[in-house]
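Numbering (the numbering used here), first residue to last: 767 to 934.
First the structure, in the form of structure tokens, and then the observations on it.
In structure tokens form, the structure reads like this:
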């Protein structure tokens, strides 16, 4: 959020950050699948409010739901310029994440993770990224875990640089 919104990173974009259903003060029940509809609703609101192309970014479970919302539900009429998945999980909390639908996804994608991510070992994430349709990039932050502990600045620089490259 900070990379996209804070002027110090050179973007200063409007950002919507929200809780998934059943989290915090939000209504509904969390089931681990339907939350992609929450991402869809957020994108609807942003499109209606700002009338700008979308850049979608999610972290961990949010990255998985963003991938489904942007790429896993058939053709979209949305103007999605870029999709950044930070810490995209492959295995977490007894759940295995599959991203078979990514082979047909032609949205510009960034897979950004730590090379010591406990919820997406680098080899597994490389397979997911490799199976995704072009354009795509996989960037691993050396020494970073799932939460980019001690490597937050490196993650932010990588994300900011990639976004600027994509949207020139």
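Every residue gets a Cβ at the ideal spot worked out from N, C-alpha and C, and that includes glycine.
Since the model is a prediction, treat every value here as computed from it, not as a measurement.
Item to complete: For the region 793-804 and the region 831-847, state whether three or more C-beta atom pairs, one from each stretch, are separated by less than 8 Å.
Response: yes
Practice prompt. Quick one: which unbroken beta strand (DSSP E) runs of 3-plus residues sit fully inside the region 809-878? Chain order, please.
Written response: 820-825, 846-852
Worksheet item: Can you give the beta carbon distance from residue 891 to residue 879, rounded, assuming they're within the 8 Å contact cut?
Response: 6 Å
Worksheet item: Thinking just about the alpha-carbon of each residue, which of 792, 925, 779 is nearest to the one in residue 817?
Response: 779
Item to complete: Compare the C-alpha of residue 912 against each of 835, 784, 852 and name the closest.
Response: 852
Item to complete: Go to residue 890, then tell me how far its alpha helix (DSSP H) extends in each direction, as first and last residue.
Response: 888-897
Worksheet item: Straight-line CA distance for residue 827 to residue 820?
Response: 19 Å
Item to complete: Specify, as a first and last residue, the run of the beta strand (DSSP E) that residue 932 falls within.
Response: Here residue 932 belongs to no beta strand (DSSP E); instead the alpha helix (DSSP H) covers 918-932.
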